[in-house]
């Protein structure tokens, strides 16, 4: 699998309330990864609710790739602007970028 949207991240000012809303409204399950992050379960796509200080401003699609460095170079060559340099997180490594129309996305690679 390379260069496919496979995750969506929802920023929140109150992770508990956002997660409870998704559970009540849609029946999605949640897995807590600490006080600032919940993973979505059974939502049709993997995702999470983030209330950490580094959360993005708007809902963000996350693209999975096989080669993070190559994907970063393609993003830059296509006119994307890196908004957060590559960093490690549980499960892999990723970077954030803004495409020319203003949407922020992320690209990630799984930890091997």
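Numbering (the working numbering), first residue to last: 8 to 119. Just so it is clear, CB atoms sit at the ideal spot from N, CA and C, and this is done for glycine as well.
{"Asked": "Extent of the continuous beta strand (DSSP E) to which residue 46 belongs", "Found": "44-48"}
{"Asked": "Spatial neighbours of residue 50 in its chain, beta-carbon cut-off 6 Å, leaving aside the 5 residues before and after", "Found": "35"}
{"Asked": "Buried versus exposed call for residue 101 [16 or more other C-beta atoms within 10 Å across all chains shown]", "Found": "buried"}
{"Asked": "Candidates 70, 73, 91, 104: closest to residue 84 by CA position", "Found": "104"}
{"Asked": "Assigned exposure category for residue 119 - 16 Cβ within 10 Å defines buried", "Found": "exposed"}
{"Asked": "CA-to-CA distance, residue 74 to residue 17, given in whole angstroms", "Found": "25 Å"}
{"Asked": "Cβ shell of residue 30 (< 8 Å), same chain only, five flanking positions each side left out", "Found": "36, 37"}
{"Asked": "C-beta contact flag for residue 72 and residue 64 at 8 Å", "Found": "no"}
{"Asked": "Which listed residue (69, 44, 98, 82) has its alpha carbon closest to that of residue 107", "Found": "82"}
{"Asked": "Under the three-state DSSP convention, the category residue 89 falls into", "Found": "strand"}
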